[in-house]
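Notes for the one structure printed next.
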Amino acid sequence: MSSKSYDAIVVGAGHNGLVCAAYLAKAGRKVLVLERRHQVGGATTTEEIYPGYKFTCCSYVVSLLRPWIIRDLDLPRHGYEILPLEATVTPFPDGRYLVRDSDPERTRRSIAQFSPRDAEVYKRFGQEMAELGRLIKPLIDQPAPDPLSRDPRELLRIARLGKHIRGQGDRWLFSNVKIMTMSAVDFLSEYFECEELIAPMAVSGIIGTFLGIRSPGTAYVLLHHYMGEIDGSFRAWGLPKGGTGAIANAIASSARALGVEIRTEAPVAHLLMQNGNPATAAGVVLDNGDEIRAKVVISGLDPHRTFLKLVGEEHLDPELTQQVKRFKMRGSSGKVNLALDGLPTLACLPGYGPHLQGGITIAPSIDYLERAYDDAKYGAFSRQPFMDVLIPSMTDPTLAPPGKHVMSIFVQYAPYHLKEGAADWPNQREKFGDTVIDTLSEYMPDLKDRILHRQVLSPWDLEQIYGLTEGNIFHGELSLEQLAFLRPLAGWSRYQTPVKNLWMCASGTHPGGGIMGAPGALCAQTLLGKRAV
Amino acid sequence: MPIPTPFHERTQLLCTSYRWKDWSGYCAVCSFDTSHEREYFAFRESTGLLDVTPLYKYEVSGPDAAALLARMMVRDVSKLKVGRVAYSCWCDDDGKVIDDGTVSRLGESHFRVTAADPTLHWLQAVGRGLDVTIEDSSARLAALALQGPTSRAILSAASGADLDKLKFFGVTRSAIQGIPVWISRTGYTGDLGYEVWCERGEALAIWDTLIAAGEPHGIEPAGLDALDVVRIEAGFVLLGVDYFSSHKVVLESRKSTPLELGFGWMVDLERGSFIGRDAIGAEMKRGSIWQLVGLEVSWEELEALYASFNLPPSLPVTASREGLPVYDDEGRQVGQATSHTWSPLLKKYLAIASVRPGSEKKGTKLKIEHTVEYERRKVTATVAPLPFYDPERKKKP
């Protein structure tokens, strides 16, 4: 039994938990962060899986981390460095390729091989998406608007937001409604005609969801990926130096400097509940039986884990339990991380060059992607999956020994629920890895000869290792019915939960997933605003 | 018309952007690619390889070499040990800065001076009557700057030098592929880095060897645009931008003193006579008119300013040398920002500025001019110490 008492305990040292803790400490609160694993970061992690090679095991790029959080927590001083991720190369089976990079003219010429018309529209599309992103920005930098509220301050805020949106003109409003409801392919087809461009662009709409590029609602996920901003410019993605784990370490370092206490290898078994109605949290109980008390407990876990494991169904209203269970997790992606003996050759663009410093997207056609989804619908991993490939050691040599490289391969689809059941993943994991390598080898013929070590992470592994329920990388799908005032539960979008003194601060809350930090920061601000501690 | 440097044969093939500029009469690459971003990150994360041949170089040798330079330089370079380099400025009789550069002691009576402007005449004038030989080695010597965290590993692989022993601001004789070179642990990036000096005829072989040795560690040919960003982060002033040579300006008010440029640490009035000493001594008693400072421009205010025009914030893509007036909180102009840039690493909009006494204290809130849609506005800029960026590896053994 620990005698210490805290203002707040944050369960889980994922990046949002750490951001939340840092903001609370900045406001003078006494905060303890408890992490089950041996290191902080959650899915924002860099691990030396193979000696000398540092893998960004899960999340692998950054752009959504809010600039104001970076400033507030002074992250650059704590080791936060973002390197540019310039190009996206899409190779096609026939040997042609599409390059999109920071040079607009080069990009235009590359697209023009496929469609001179699309080449011209591409720039305008980017501008319109950036405008939309700017329109949405106030939504992701504030708690979700509450349409049921009668609080005059909240009504004023909604009115202001409405004015902001109307101020953008009708055209933006229409685009916004469209993007909320359409499929990624339909939305993109309003602008573009050639599939070689639409397919690789549409994949942003399915990342982390159990939907196909032709499924309605995927256009929004596309926008979610377009909202990223680095240095004030939208649609800029970056590679964190030292892998994404370095971001978590920077936030942790800033949090510690502000007085936050962080304990790793301190798994929380469940909440310490106080008798009475409503259910009230009084602290946490660790796996080893230790009880730690705090005025509030803040869960950095996903909604399923928070309610069904930390709280426990016995403390919840049955209807609420149903609501929680209906919140869709449905992991659909996996990761394959490789240690490479040298650079692989991209068949369509052989040799060393800046194109290997960017992303390589395996998304050769719309049907290819849709077929990949078909496999998943029926409980199998895609025989020909969509892949987002990076060689981060090209830009950040600290990740691998000189001349050697690490490769990060994001793979979709890998459904959590296999036909044979999720528990069959250990049997299928390596077969899944083989499929990924075989598919990629069609574009990189010498890849297999370069592999020194392979790490395959199925959604089941993501659940086991990182505690992501069903392996969902966003703590719950980013589909319209699970966003804004509906995230995670209708009526509980303000980081507070039906359990008294229990708050939530991670990707399962507004505005959602990705290395964004906004849920953590907004949770802390809301909590402080309500004088909960 | 500018002429090619000895590395031109290589750089012209790599410079796919065709972006060149005139640097001391030579063709110098602004950025190899259309954007300098990759080159910037090479300086900070792997290694950037920069052709610095256009620097003016002089060999000062002979029994009185040390005496000449001790008299000319504000710093006492006569105490410099063989194998050491000193950064110094030099002044006219009125204590106004002419130029700044490095002095390397290559031998007991052999020094090498680098300068931004031609300096032969000044060396000769100061050395009149002394037993020295002065050679303008600018055209004879080619030079490359190899700068970035992996530069040591690359240079160790390419040369026989024991770089672990070469301290910050050290210089040593070495060989690359059997070709004699001088290697100095110096640079203009404020990072771990080296400069390699060789005869111009050997330039291409040195370039090729360094590029090949660099591949496993990450190496990018880099241009002046990337350099301009890193040197502002490092807080280095640039002649002709942040200050002007007293030999070149018409207005007395445009001249600068060492104290005004933050070179006060170079000054030792007790060490005996050197050019400008009395004037500097008087200025120390009287106080300086200007003070060099760093400024951090408020991003929140910039964002709000642009938002008031319904625009996203936008800054020049390269470092800017457009002089901007700086005001105090009462609206009086107290100085000017002479170089400014967005720092992708520090996530801050930085400026190097000269301000009046009273405004130079760290944390002082000033205002800097910023133009949006042809309208001139003011944005808060906070005085910050220089350098903005100072990684431990720069000086680490």
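Same order as they appear, the protein sequences are chains E and B.
Heads up, the first sequence is in the numbering used here, so the first residue is 9 and it goes up one at a time.
Heads up, the second sequence is in the numbering used here, so the first residue is 76 and it goes up one at a time.
No residue lacks a Cβ here, since even glycine has one placed at the ideal position from N, Cα and C.
Everything numeric in this text was worked out from a predicted model, so none of it was measured.
{"query": "Going residue by residue through the stretch 136-162 of chain B, where are the continuous alpha helix (DSSP H) segments of at least 4 residues, counting only ones entirely within it?", "result": "140-147"}
{"query": "Consult DSSP for Ser429 (chain B) and reduce its assignment to one of helix, strand or coil.", "result": "strand"}
{"query": "In three-state DSSP terms, what is Arg495 (chain E)?", "result": "coil"}
{"query": "Can you tell me where the beta strand (DSSP E) holding Tyr68 (chain E) begins and where it ends?", "result": "Per DSSP, Tyr68 (chain E) belongs to no beta strand (DSSP E) and is neither H nor E."}
{"query": "Assuming Ser307 (chain E) contacts Met512 (chain E) under a Cβ cut-off of 8 Å, what Cβ separation, rounded to an integer in Å, is found between them?", "result": "5 Å"}
{"query": "Among residues of its own chain, excluding the 5 on either side of Gly250 (chain E), which ones have a beta-carbon nearer than 8 Å to its beta-carbon?", "result": "Thr54, Lys62, Gly87, Glu89, Asn257, Asp404, Thr406 and Leu407"}
{"query": "Could you give the distance in angstroms between the alpha-carbon of Val129 (chain E) and the alpha-carbon of Tyr424 (chain E)?", "result": "38 Å"}
{"query": "Helix, strand or coil for Met415 (chain E) per DSSP?", "result": "strand"}
{"query": "For the beta strand (DSSP E) that Asn345 (chain E) lies in, which residues bound it at each end?", "result": "Ser341 to Leu348"}
{"query": "Asp174 (chain B): buried (16+ other C-beta within 10 angstroms of its C-beta) or exposed?", "result": "buried"}
{"query": "If we ignore side chains and look at the alpha-carbon of each, how far apart do Gly182 (chain B) and Ala141 (chain B) end up?", "result": "11 Å"}
{"query": "Just to confirm before moving on: does the CB-CB distance between Pro296 (chain B) and Leu89 (chain B) stay below 8 Å?", "result": "yes"}
{"query": "Straight-line CA distance for Tyr162 (chain B) to Asp151 (chain B)?", "result": "11 Å"}
{"query": "For Leu91 (chain E), decide whether its Cβ has a neighbour in chain B, counting only Cβ atoms nearer than 8 Å.", "result": "yes"}
{"query": "Who pairs with Glu56 (chain E) in a beta bridge, going by DSSP?", "result": "Paired residues: none, contrary to the question."}
{"query": "Could I get the ranges of all uninterrupted beta strand (DSSP E) runs contained in the stretch 245-312 of chain B, with 3 residues as the minimum, in chain order?", "result": "246-251, 254-259 and 268-274"}
{"query": "Rounded to whole angstroms, how far is the Cβ of Leu398 (chain E) from the Cβ of Gly367 (chain E), which I believe are closer than 8 Å?", "result": "6 Å"}
{"query": "Is it the case that the Cβ atoms of Gly441 (chain E) and Val344 (chain E) are separated by a distance below 8 Å?", "result": "yes"}
{"query": "Thr393 (chain B) by DSSP, collapsed to three states: which one?", "result": "coil"}
{"query": "Excluding the five sequence neighbours on either side, which residues of its own chain have a C-beta within less than 7 Å of the C-beta of Gly387 (chain E), listed in chain order?", "result": "Pro423, His425, Leu426 and Lys427"}
{"query": "Taking the straight line between their C-alpha atoms, what separation do you get for Arg117 (chain E) and Arg468 (chain B)?", "result": "42 Å"}
{"query": "What do you get for Ala384 (chain E), buried or exposed, if any count of 16 or more other CB atoms within 10 angstroms of its CB means buried?", "result": "buried"}
{"query": "How about Phe440 (chain E): is its Cβ closer than 7 Å to a heavy atom in the ligand HEM?", "result": "Looking at this structure, you won't find the ligand HEM or any other ligand, since it has none at all."}
{"query": "Return the residues of the stretch 343-364 of chain E that lie within a Cβ-Cβ distance of less than 8 Å from chain B, sorted by chain order.", "result": "Tyr360 and Pro362"}
{"query": "Counting only runs that start and end within the stretch 345-425 of chain E, where is the alpha helix (DSSP H) found for 4 or more residues in a row?", "result": "374-385"}
{"query": "Below 8 Å, how does it come out for the stretch 292-311 of chain B and the stretch 98-115 of chain B: are there three or more Cβ pairs, yes or no?", "result": "yes"}
{"query": "So what's Tyr449 (chain B) in DSSP terms, helix, strand or just coil?", "result": "coil"}
{"query": "Give the DSSP-derived three-state secondary structure of Lys471 (chain B) in the structure shown.", "result": "coil"}
{"query": "Ordered along the chain, which non-local residues of its own chain (more than five positions away) have a Cβ less than 7 Å from that of Ala309 (chain B)?", "result": "Thr264, Gly265, Pro462 and Tyr464"}
{"query": "What is the DSSP secondary structure of Phe116 (chain B), reduced to helix, strand or coil?", "result": "helix"}
{"query": "Count Cβ pairs between the stretch 109-125 of chain B and the stretch 106-124 of chain E that sit closer than 8 Å; are there 3 or more?", "result": "yes"}
{"query": "Tell me, to the nearest whole angstrom, how far the beta carbon of Ala29 (chain E) is from that of Val41 (chain E); I am working on the premise that it is less than 8 Å.", "result": "5 Å"}
{"query": "Would you verify that the beta carbon of Thr403 (chain E) is, or is not, closer than 8 Å to some beta carbon of chain B?", "result": "yes"}
{"query": "Reducing DSSP to helix, strand and coil, say where Gln87 (chain B) ends up.", "result": "helix"}
{"query": "Check for me: the beta strand (DSSP E) holding Trp98 (chain B) runs from which residue to which?", "result": "Arg94 to Trp98"}
{"query": "When the cut-off is 8 Å and only beta carbons count, does Asp111 (chain E) lie next to chain B?", "result": "yes"}
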